[in-house]
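The block underneath contains the structure these notes are about, expressed in structure tokens.
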Amino acid sequence: MRTKRAADWTRSATLPSTPASFTGVTYAEMLDRARALVPAIGARAEACERLRRLPDETERDLHRTGLFRMVQPAQVGGADLDVGILVDTCAVIARVCPSTAWNLGNLASHHWMLGYFHPEAQDELWNGSPDVLIATSLIFPAGRGRKVEGGYEVSGRWPLSSGVDNSDWNMLGFMLRERDDGPPVDQRFALVHRSQYEIIDTWHAVGLSGTGSKDVEIRNLFVPDVRTISARTMNGKPHAGSVVNPSPLFRLPMLALGPYVLSGVMLGCAQGAYEAVVGAARTRNATTTGQPFGASQPVQIKVAEASVRIDTAEAMMRRACEHAMAVARTGADAAHEDKLRYRRDAFFSARLCLEAVDILMGIAGSSGLYLGGPMQRLFRDAHAANAHVMFSTDVQGALFGQHELGVTGPPPLL
């Protein structure tokens, strides 16, 4: 069976025609590039929702500035920055368009994920274009695979593949079983070209509607060994990509830090809501008394409560990312206890952001309901983002509590 190579794939028309290198772009410079895009992305926020996908103009802006490649390996011209850049840049963009920020975090992080794959798979995609975009669906039970000679036969239908319309490839999670009715023996990702799967237009959502998080389906597709990877190899220990990507970024326990790919969206929703609501409240008079709205002590207290939640959430996100990078720089393996704390802090900081948004929506009152204003979008998108399993108190909190209490359970995928 012949396997297609990079030269055989049709490239997306929105990819840059001339690849650029972003190696050497600093953390601060990349953050400034995100800030510079805010006016244009904010102006397109409504159009992004109507399209239910990332607008082509925005995709080109994110390519041009290198934001998609901020955590791509330096060996292919990526910026190879610390993982915290995902939190910071997504927060900046989410203040005006959470859907765009969600796609930025997802699609940028998939360059990071690809860096853990076998170098042959990295070369296949990045030799075609270092700017190539890769979607994912991490819902392993949605896919099933069996080992065959030279690779895996994979089938499934996966929901929530964000950015799929803009992507030339997809990383699809699947359960590997030795027999159809047997227990899972591994959880793997399969790299699949867009010509090999069907996109099913299911994404009609109340929040994050511009993310294009549609279903994808494949049936009995052969995927070569080098285009798959066990999720458990993304645990911070040496992996297939370590030989070509030796930087600390690629020594991180990726799955333990997975929430921080998107937690910046929650932070940006809260920061954007604070700016919009508190800024308006400074010049607003109460509708019942005609007195300055900000002179009300209950309003003042609510502003303080929202503010401290936002600041605490930001500090928790930064602390987790900085701690993980510091450990990776020493060359030590991340401790299991630290991985659980990263997940714990991610769900709790996301909850703080959601609580801040809800408090601010209460302050905004009826003025926050207008579709022409930013508050309704930030409110809807914050609630949609918080629905992600990585921010689930029930799931992520239970993992930490189980460990602390010495309760035996299935080993978490960290």
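The opening position of the sequence shown corresponds to residue 1066 in the working numbering, with each subsequent residue numbered one higher. Note that beta-carbon positions come from the ideal geometry of N, C-alpha and C, so glycine has one too.
Tell me whether residue i sits in a helix, a strand or coil according to DSSP, three-state version.
i	result
Ser1278	coil
Pro1363	helix
Thr1075	coil
Ser1086	coil
Asn1451	helix
Arg1347	coil
Leu1332	helix
Pro1357	strand
Asn1300	coil
Arg1067	Note that Arg1067 scores a pLDDT of 33, beneath 50, so its modelled location is shaky; the value from the coordinates is reported in the next line. The answer is coil: DSSP assigns Arg1067 none of H, G, I, E or B.
Asn1310	coil
Pro1289	strand
Gly1437	coil
Gly1210	strand
Taking the alpha carbon of residue i as the point to measure from, which residue in the options has its own alpha carbon closest?
i	options	result
Leu1478	Glu1469, Ser1431, His1269, Val1460	Val1460
Gly1396	Asp1290, Met1382, Arg1316	Arg1316
Glu1214	Thr1083, Val1291, Leu1102, Val1197	Val1291
Ser1274	Ala1450, Arg1222, His1401	Ala1450
Ile1375	Asp1410, Phe1413, Gln1336	Gln1336
Val1197	Ile1158, Cys1155, Gly1142	Gly1142
Ala1150	Ala1078, Val1250, Leu1314	Residue identity differs from the one stated: residue 1150 is Ile in this sequence, not Ala. The residue with the shortest Cα to Cα distance from Ile1150 is Leu1314.
Met1426	Asp1266, Val1229, Leu1096, Ala1447	Ala1447
Leu1419	Val1472, Glu1370, Val1257	Glu1370
Ser1226	Ala1186, Leu1172, Pro1289, Met1240	Leu1172
Gln1187	Ser1457, Trp1234, Glu1387, Gly1359	Trp1234
Met1455	Asp1410, Val1472, Val1422, Glu1111	Asp1410
Ala1255	Phe1239, Ser1328, Leu1332	Phe1239
Val1364	Val1373, Met1381, Ala1346	Ala1346
Trp1191	Gly1180, Thr1201, Ala1200	Gly1180
With residue i as the anchor, note down where its beta strand (DSSP E) starts and where it stops.
i	result
Ala1255	1249 to 1258
Tyr1217	1216 to 1226
Phe1239	1234 to 1242
Ser1295	1293 to 1295
Can you tell me where the alpha helix (DSSP H) with residue i in it begins and where it stops?
i	result
Ser1432	Where Ser1432 is concerned, there is no enclosing alpha helix (DSSP H), given that its DSSP letter is neither H nor E.
Ala1200	First-last for Ala1200: 1199 to 1202, but that is the beta strand (DSSP E), not the alpha helix (DSSP H).
Gln1467	1463 to 1469
From the beta carbon of residue i, is the nearest beta carbon of chain D less than 7 Å away?
i	result
Gln1252	Of the protein chains in this structure there is only one, and it is not chain D.
**Prompt:** Is there contact here, the segment 1132 to 1139 with the segment 1295 to 1305, by at least three beta-carbon pairs under 8 Å?
**Reply:** no
**Message:** Does the structure place the segment 1430 to 1449 close enough to the segment 1149 to 1168 that three or more beta carbon pairs sit under 8 Å?
**Reply:** yes
**Message:** Quick check on the DSSP output: what are the complete beta strand (DSSP E) runs of length 3 or more inside the segment 1158 to 1207, in order along the chain?
**Reply:** 1199 to 1202
**Request:** List in chain order: all unbroken beta strand (DSSP E) runs of 3+ residues lying wholly within the segment 1106 to 1135.
**Result:** none
**Asked** Should the segment 1329 to 1346 be regarded as contacting the segment 1424 to 1439, the criterion being three or more beta carbon pairs within less than 8 Å?
**Response** yes
**Prompt:** Using 8 Å as the threshold, is the segment 1227 to 1245 in touch with the segment 1197 to 1209, meaning 3 or more CB pairs across them?
**Reply:** yes
**Item:** the segment 1097 to 1105 contacting the segment 1262 to 1282, beta-carbon criterion three pairs below 8 Å
**Value:** no
**Prompt:** Does the pairing of the segment 1452 to 1466 with the segment 1401 to 1410 give three or more beta-carbon distances under 8 Å?
**Reply:** yes
**Message:** So, does the segment 1269 to 1283 touch the segment 1081 to 1096, judging by three or more C-beta pairs under 8 Å?
**Reply:** no
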